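Here is the structure we will look at, set down as structure tokens.
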Amino acid sequence: KRLLENHLIIRNRKKIEATIFNAKRLLDLRKTDDGFADWIKKHHPLVREEWIKLFKLNFKFTGKQIVGEFLQSVGYLPGAHNIDCPVYERIEILNPPWKKNISSDGITI
Numbered sequence: 055k056r057l058l059e060n061h062l063i064i065r066n067r068k069k070i071e072a073t074i075f076n077a078k079r080l081l082d083l084r085k086t087d088d089g090f091a092d093w094i095k096k097h098h099p100l101v102r103e104e105w106i107k108l109f110k111l112n113f114k115f116t117g118k119q120i121v122g123e124f125l126q127s128v129g130y131l132p133g134a135h136n137i138d139c140p141v142y143e144r145i146e147i148l149n150p151p152w153k154k155n156i157s158s159d160g161i162t163i
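Numbering-wise (the numbering used here), the sequence shown opens with residue 55 and increments by one.
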């Protein structure tokens, strides 16, 4: 109720409830998987559609755009930068998890 009355935040009841639910879920993952990062590592590699299904099963308000952008930002899905892009070189140096699942024909598996 306090959050719904706070004019400094989004006051959508479903989003607030989802935030609280997701926070509890993250705390649960500390007990079962040594945390969120380990939970993600445990499920890697997955293709985008499988990640989206997994997040929808475990969290609320996690649509395909949010899941995809999040997993790109932490290196579990390839981003928008192709081999010809200077940013790609910087990404390659970091050796993100998605690069470790490249088949011999260059396709992410």
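Backbone N, C-alpha and C fix where the C-beta goes; we use that ideal spot for every residue, glycine too.
Keep in mind the model is a prediction, meaning the values are calculated, not measured.
- Rounded to whole angstroms, the separation of the alpha carbons of Arg56 and Glu143 is 47 Å.
- In its chain, beyond the 5 residues on either side, Pro99, Gly129, Tyr130, Leu131, Pro132 and Thr162 have a beta carbon closer than 8 Å to the beta carbon of Trp152.
- Nearest C-alpha to Val101 among Lys118, Lys78, Asp92 and Phe90: Lys118.
- The region 59–75 makes contact with the region 108–118, as at least three CB pairs between them are under 8 Å.
- The straight-line gap separating the alpha-carbon atoms of Cys139 and Gly122 is approximately 20 Å.
- Judged by DSSP in its simplified three-state form, Lys114 adopts coil rather than helix or strand.
- Taking C-alpha positions only, Arg67 is separated from Glu59 by approximately 11 Å.
- Bounds of any alpha helix (DSSP H) do not take in Tyr130, whose DSSP letter is neither H nor E.
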